[in-house]
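What the sequence shown shows, in this note's numbering, is residues 99 to 641, in sequence order.
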Amino acid sequence: MYRDRLTQNRSRELVAAFLDDFLAQRGWWAARAAWVDERGMVIDPWRVSPAAPSALDPLRRHTDPVDPVDPGAERYPEPVIVPVSDVRCTRALVDDFSAAGVDELIVVDVAGVDPFDLRLAFAVDAAQRRSPDGIEALRTGAALLPTLIRQEGERDALRLGALRDALTGLLNRPGLDELAAQRPSGSFLRAVIYLDLDGFKAVNDAHGHGAGDEVLVGTAQRLVAQVRPHDLVARLGGDEFVIVAEQVLDESSVVSLSQRIIGAVSHDLVLESGAVVAVAASAGVALWPEGEPLEAIIATADGLMYEAKRIGGGIAMQDGAGRILVRDPLDGRAVPEEVERGRAPVRALPLDPLGDAGEGGAHVVLRGELCTVAADEAAETVLDALRSIGRARPTALVLEPRGRGWARDGVLADLVAAIRERRPASRLTLLVDAQPSAIELRLAAEELRALGQVSVALGGVGAVHGGDLRMIAQVSPTLISLDHEAVLNLTRTSPAGLVARLAAALAQTVDAPLLVVEPPDDISDDTLRAWGASAVARTPAGA
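Rendered as structure tokens:
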């Protein structure tokens with residue numbers, strides 16, 4: 099599609115030059131081209147000669163509809179003189195032409211300007227309008243114009259080929275730069291989406307580079323099918339793609355487009371060999387302010403994409419306050435995760451029972467950064483975090499994996515195996531979220547529970563808009579958790595303690611204790627115990 103777009107742009111340049119030269123040589127006043135194909139007629143702006151009377155100045159400012167219009171049944175294979183009101187691409191300007199003493203135009207259709215037909219219209223003063231020399235010159239020029247365009251197209255073929263990626267047919271970086279430069283944003287926002295495939299190297303390693311090429315071609319086809327006609331898609335090399343989204347309304351519309359794109363890309367692909375490979379992607383999204391160079395915006399989007407991949411994948415975008423937020427690529431309702439550069443890959447908290455008996459445990463958040471690390475190294479990182487809070491061998495260890503990267507094949511299972519091998523705790527529990535977007539992670543945890551390696555706890559209770567009862571029934575958790583945000587947000591809209599009491603009642607129904615993680619500082623352990631909580635995980639004093 100980009101070859102057609104580049105060819106069309108070049109054809110327009112040649113026709114514009116033809117019109118300018120003809121006006122200058124013949125002393126005619128104004129001319130315009132209209133491009134006709136099966137969709138209708140797209141009208142270019144008027145080109146007005148410096149010799150034209152001031153009464154035709156409105157032509158310089160006139161704008162026509164962007165969408166194609168009906169060209170009508172009339173055809174003009176030879177130059178003919180037609181009343182202004184009868185020319186469909188000019189009817190809106192009848193009064194302006196009349197003020198300049200122009201009531202007729204010279205019109206000719208030019209066939210064979212592949213893949214378009216072309217309609218040319220000229221405004222000429224009455225003295226020259228019926229000049230045989232002028233009409234003959236136009237007839238000759240119109241007849242030669244398709245040949246000129248084809249010859250120029252052949253000369254440009256190598257240049258156009260150099261602007262495309264040979265494997266996928268998408269734009270390459272020079273082609274992206276050229277087309278983006280031709281399309282100023284005007285009053286609309288633009289955005290850059292930098293997309294990188296997740297796990298592409300593993301496909302190459304397992305199936306060979308030919309299979310990798312199939313994945314790249316398939317991804318390119320899916321991208322082109324999802325973007326809008328005026329958006330640009332380029333492959334920069336390897337498994338990296340860039341989309342320049344034109345005419346976006348706001349940040350949320352770019353996120354929606356990104357989620358649609360990644361949702362289309364993230365499906366299994368059947369190779370010619372019959373093998374099936376899983377394809378997924380992460381993206382960085384950056385708005386493109388007017389006047390900023392494309393190179394700088396691509397670099398920003400690339401950096402954001404890296405932040406998304408660093409925590410296991412997603413769509414990363416920077417908000418107005420400068421925070422980096424990574425959104426789930428498939429669930430638009432999921433709460434985005436705020437990412438701090440350089441943060442620790444784990445966060446460990448002491449877990450203490452609220453009753454009179456029982457030994458202390460630990461609650462460890464496994465951030466997305468850790469899922470890209472080898473299992474043995476990740477397990478040692480968890481043990482180091484436990485030692486840092488004085489719980490080197492807790493009775494109960496609750497691991498809370500965050501980020502879609504943990505749901506990939508074997509990642510969570512390998513970490514659990516590495517931790518169990520080191521035996522830091524007598525009981526190992528995986529805490530997974532109740533949000534719909536966490537279904538793959540819940541399934542991974544359920545598989546490990548079925549193998550007898552872990553028990554499963556459920557978090558995010560109270561945040562799924564009525565889905566808690568169904569989710570608890572499905573998962574049958576051995577622990578239910580309320581985190582800091584859930585307690586804080588829900589107590590703002592409910593009487594103090596009501597949310598915790600309801601959660602405790604749900605937990606009691608399935609014979610599971612209620613854990614409250616990092617409650618607000620003004621809620622004491624005695625208060626939590628009175629509300630029905632069984633255990634609490636707080637930040638250690640001085641930490």
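Glycine included, every Cβ here is placed at the ideal spot set by N, Cα and C.
Since the structure is predicted, the reported quantities are computational estimates derived from the model, not experimental observations.
(message) According to DSSP, simplified to helix, strand and coil, what is T161?
(response) Against the sequence shown, residue 161 aligns to sequence position 63. Looking at T161 - three-state DSSP - the assignment turns out to be coil, as it is neither helix nor strand.
(message) With three or more beta-carbon pairs closer than 8 Å as the criterion, would you say the stretch 466 to 481 touches the stretch 372 to 380?
(response) no
(message) Give me the DSSP bridge partner(s) of Q416.
(response) Working through the sequence shown from its first residue, we reach residue 416 at position 318. In DSSP, Q416 forms a bridge with I422.
(request) Could you check which residue in P575, L277, G630 has the C-alpha nearest to that of A601? (result) If you number the sequence shown from 1, residue 601 lands on position 503. For A601, the nearest C-alpha among the options comes from G630.
(request) To the nearest angstrom, report how far apart P166 and C187 are at their CA atoms. (result) Taking the sequence shown and counting its residues from 1, one reaches residue 166 at position 68. Taking the sequence shown and counting its residues from 1, one reaches residue 187 at position 89. Spanning the alpha carbons of P166 and C187 requires a straight line of approximately 11 Å.
(request) Check Y404 in the structure and name its three-state DSSP category. (result) Residue mapping note: residue 404 aligns to position 306 of the sequence shown, counting from 1. DSSP places Y404 in helix when its eight states are reduced to three.
(request) Would you tell me roughly how many angstroms separate the C-alpha atoms of H563 and R500, rounded to the nearest one? (result) By 1-based counting over the sequence shown, the position of residue 563 is 465. By 1-based counting over the sequence shown, the position of residue 500 is 402. Summary for H563: the model assigns pLDDT 45, below 50, so the residue's position carries little reliability; its value from the coordinates is reported in the next sentence. The straight-line gap from Cα to Cα measures roughly 21 Å.
(message) Given a cut-off of 8 Å on the beta-carbon distance, is the pair I664 and F220 in contact?
(response) Any answer about residue 664 is impossible in this case: the structure gives the chain only from 99 up to 641.
(request) Tell me where the beta strand (DSSP E) around W133 begins and ends. (result) Residue mapping note: residue 133 aligns to position 35 of the sequence shown, counting from 1. Boundaries of the beta strand (DSSP E) harbouring W133: 128 to 135, taken from the DSSP string.
(request) Identify the continuous alpha helix (DSSP H) that holds W629 and give its terminal residues. (result) The residue given as residue 629 occupies position 531 in the sequence shown. First-last of the alpha helix (DSSP H) with W629: 623 to 629.
(request) Taking all protein chains shown into account, decide if H461 is buried (16 or more other Cβ within 10 angstroms of its Cβ) or exposed. (result) Mapped onto the sequence shown, residue 461 falls at position 363. With 16 or more neighbouring CB atoms inside 10 Å of its own CB, H461 falls in the buried class.
(request) Would you list the one or two residues that DSSP bridges to L556? (result) To locate residue 556, count along the sequence shown from 1; it is residue 458. Partner residues in the beta bridge of L556, as assigned by DSSP, are V530, I578.
(message) Taking the straight line between their C-alpha atoms, what separation do you get for G389 and T398?
(response) The sequence position of residue 389 within the sequence shown is 291, counting from 1. The sequence position of residue 398 within the sequence shown is 300, counting from 1. When rounded, the distance between both Cα atoms is 15 Å.
(request) Confirm, please, whether the CB-CB distance from S632 to P617 is below 8 Å. (result) Indexing the sequence shown from 1 puts residue 617 at position 519. Indexing the sequence shown from 1 puts residue 632 at position 534. Cβ atoms of P617 and S632: not closer than 8 Å.
(message) Tell me the rounded alpha-carbon separation between S622 and A628.
(response) In the sequence shown, counting from the first residue as 1, residue 622 sits at position 524. In the sequence shown, counting from the first residue as 1, residue 628 sits at position 530. Put simply, the backbone Cα of S622 is about 10 Å away from that of A628.
(request) Please work out which residues of its chain come closer than 7 Å, Cβ to Cβ, to D417, disregarding the five sequence neighbours upstream and downstream, and give them in chain order. (result) As a first step, residue 417 must be located in the sequence shown, where it is residue number 319. Excluding sequence neighbours, D417 sits near L423.
(request) Could you spell out where the beta strand (DSSP E) holding D380 opens and where it closes? (result) Start at 1 with the first residue of the sequence shown, and residue 380 comes out as number 282. First, the residue type needs correcting, since residue 380 is Ser and not Asp in the sequence shown. Looking at the DSSP string, the run of the beta strand (DSSP E) that includes S380 is 378 to 386.
(message) Can you check which of these residues, S354, A505, L154, is closest to I409 by C-alpha distance?
(response) Here residue 409 corresponds to residue number 311 of the sequence shown, with the count starting at 1. Here the closest residue by C-alpha is A505.
(request) Measure the beta-carbon distance from G310 to V301 and round it to whole angstroms, keeping in mind my assumption that it falls under 8 Å. (result) Locating residue 310 in the sequence shown gives position 212, counting from the first residue. Locating residue 301 in the sequence shown gives position 203, counting from the first residue. So it is a contact: roughly 5 Å between Cβ atoms.
(request) Could I get the ranges of all uninterrupted beta strand (DSSP E) runs contained in the stretch 443 to 472, with 3 residues as the minimum, in chain order? (result) 444 to 451, 459 to 464
(message) Let me make sure I understand the geometry here. Which of S351, I141, L481, D474 has the alpha-carbon closest to that of L216?
(response) Sequence index remark: in the sequence shown, residue 216 carries index 118 (1-based). When S351, I141, L481, D474 are compared, the shortest CA-CA separation from L216 is found for I141.
(message) Suppose you measure from the CA of R333 to the CA of L577; what does that come to, to the nearest Å?
(response) As a working mapping, residue 333 is identified with position 235 in the sequence shown. As a working mapping, residue 577 is identified with position 479 in the sequence shown. Using only the alpha carbons, I get a separation of about 47 Å.
(message) So, at 6 Å on beta carbons, what are the nonlocal neighbours of G237 in its own chain, with the 5 sequence-adjacent residues on each side left out?
(response) Taking the first residue of the sequence shown as 1, we reach residue 237 at position 139. The sequence shown places Arg at residue 237, rather than the Gly named in the question. For R237, where only same-chain residues beyond five positions count, the Cβ hits under 6 Å are P177.
(message) What does the Cβ neighbour count give for R441, buried or exposed, with the cut at 16 atoms within 10 Å?
(response) For the purposes of this step, residue 441 is identified with residue 343 of the sequence shown, where counting begins at 1. Burial call: exposed.
(request) Check each candidate in L265, G420, P451, S152 and name the one with the smallest Cα separation from D624. (result) Residue mapping note: residue 624 aligns to position 526 of the sequence shown, counting from 1. Checking every option, the nearest Cα to that of D624 belongs to P451.
(message) Check this for me: beta carbons of V363 and T317, under 8 Å apart or not?
(response) Translated into the one-based positions of the sequence shown, residue 363 becomes position 265. Translated into the one-based positions of the sequence shown, residue 317 becomes position 219. Result yes, Cβ atoms of V363 and T317 sit closer than 8 Å.
(request) Note down the Cα distance separating E338 from L596, rounded to an integer number of angstroms. (result) On the sequence shown, residue 338 is found 240 positions in, with the first residue counted as 1. On the sequence shown, residue 596 is found 498 positions in, with the first residue counted as 1. So the alpha carbons of these two residues sit roughly 49 Å apart.
(request) Answer yes or no: do D194 and L154 have a C-beta to C-beta separation smaller than 8 Å? (result) In the sequence shown, residue 194 corresponds to position 96, counting from 1. In the sequence shown, residue 154 corresponds to position 56, counting from 1. With respect to the 8 Å criterion, D194 and L154 are classified as neighbours on the basis of their beta carbons.
(request) Specify the secondary structure class of P166 as computed by DSSP and reduced to three states. (result) Translated into the one-based positions of the sequence shown, residue 166 becomes position 68. Residue state, collapsed to three classes: coil.
(request) Express the C-alpha separation of R540 and A603 in angstroms, rounding to a whole number. (result) Residue mapping note: residue 603 aligns to position 505 of the sequence shown, counting from 1. Residue mapping note: residue 540 aligns to position 442 of the sequence shown, counting from 1. Straight-line Cα distance between these residues: approximately 23 Å.
(request) Please classify R101: does DSSP put it in a helix, a strand, or coil? (result) Numbered from 1 along the sequence shown, position 3 holds the residue referred to as residue 101. Only weak support is given to the placement of R101: the predicted model assigns it a pLDDT of 47, under 50, and the question is left unresolved by the model.
(request) For chain D, find out if any of its Cβ atoms is closer than 8 Å to the Cβ of D531; answer yes or no. (result) The chain inventory of the structure shown lacks chain D, comprising one protein chain alone.
(request) Measure the Cβ-Cβ separation of V346 and A289 and say whether it is below 8 Å. (result) For this step, residue 346 is matched to residue 248 along the sequence shown. For this step, residue 289 is matched to residue 191 along the sequence shown. Yes, these two residues count as a Cβ contact at 8 Å.
(request) With a 10 Å radius around its C-beta and 16 neighbouring C-beta atoms as the bar for buried, classify E436 as buried or exposed. (result) Working through the sequence shown from its first residue, we reach residue 436 at position 338. Label assigned to E436: exposed.
(message) Need the endpoints of the beta strand (DSSP E) that V185 sits in, please.
(response) In the sequence shown, residue 185 corresponds to position 87, counting from 1. No beta strand (DSSP E) contains V185, which DSSP labels as neither H nor E.
(message) Given this structure, state the Cα-to-Cα distance separating A149 from L157, to the nearest angstrom.
(response) The residue given as residue 149 occupies position 51 in the sequence shown. The residue given as residue 157 occupies position 59 in the sequence shown. Approximately 14 Å between the Cα atoms of the pair.
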